[in-house]
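Below you'll find the structure, written out as structure tokens, and then a few comments.
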Amino acid sequence: MALALLMKIVAGANVIMNDHYSNIQKLQKIITNEVLGSNFSLRKLEEINRHMGVLIDSLNHWLFYDNKQRYYYDLKCFLIWLKKQK
Numbered sequence: 017m018a019l020a021l022l023m024k025i026v027a028g029a030n031v032i033m034n035d036h037y038s039n040i041q042k043l044q045k046i047i048t049n050e051v052l053g054s055n056f057s058l059r060k061l062e063e064i065n066r067h068m069g070v071l072i073d074s075l076n077h078w079l080f081y082d083n084k085q086r087y088y089y090d091l092k093c094f095l096i097w098l099k100k101q102k
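Throughout, the numbering used here is defined as the position within the sequence shown, counted from one, plus 16.
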């Protein structure tokens, strides 16, 4: 599954700015493939969008402060949460 693959990709990598943008692009692709292809209500899609916005702000914050452990933690938590939304 795409979510598990992304979690494996980012779990051991050093986060640099290019990796960060790549991670966000992968998240967008996962949302497009996994979420938007499902029959979610507009309300659920709005909730996913809000969570994604918070995640991106959080990832930017932890990247700025070079806290890779928290960066990965927040990314992993979002992916787990997203997977449960199906």
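C-beta: ideal position from N, C-alpha, C; glycine also.
Cβ shell of S74 (< 7 Å), same chain only, five flanking positions each side left out: Excluding residues within five positions, the ones whose Cβ falls inside 7 Å are D90.
Beta carbon of E50 nearer than 9 Å to that of K102: yes
CA-to-CA distance, F94 to V70, given in whole angstroms: So the alpha carbons of these two residues sit roughly 10 Å apart.
Check whether I72 and L98 have beta carbons under 9 Å apart: no
Whole-Å CB distance - M68 paired with I47, under 8 Å assumed: 7 Å
Unbroken alpha helix (DSSP H) run spanning F94, endpoints: K84 to K100
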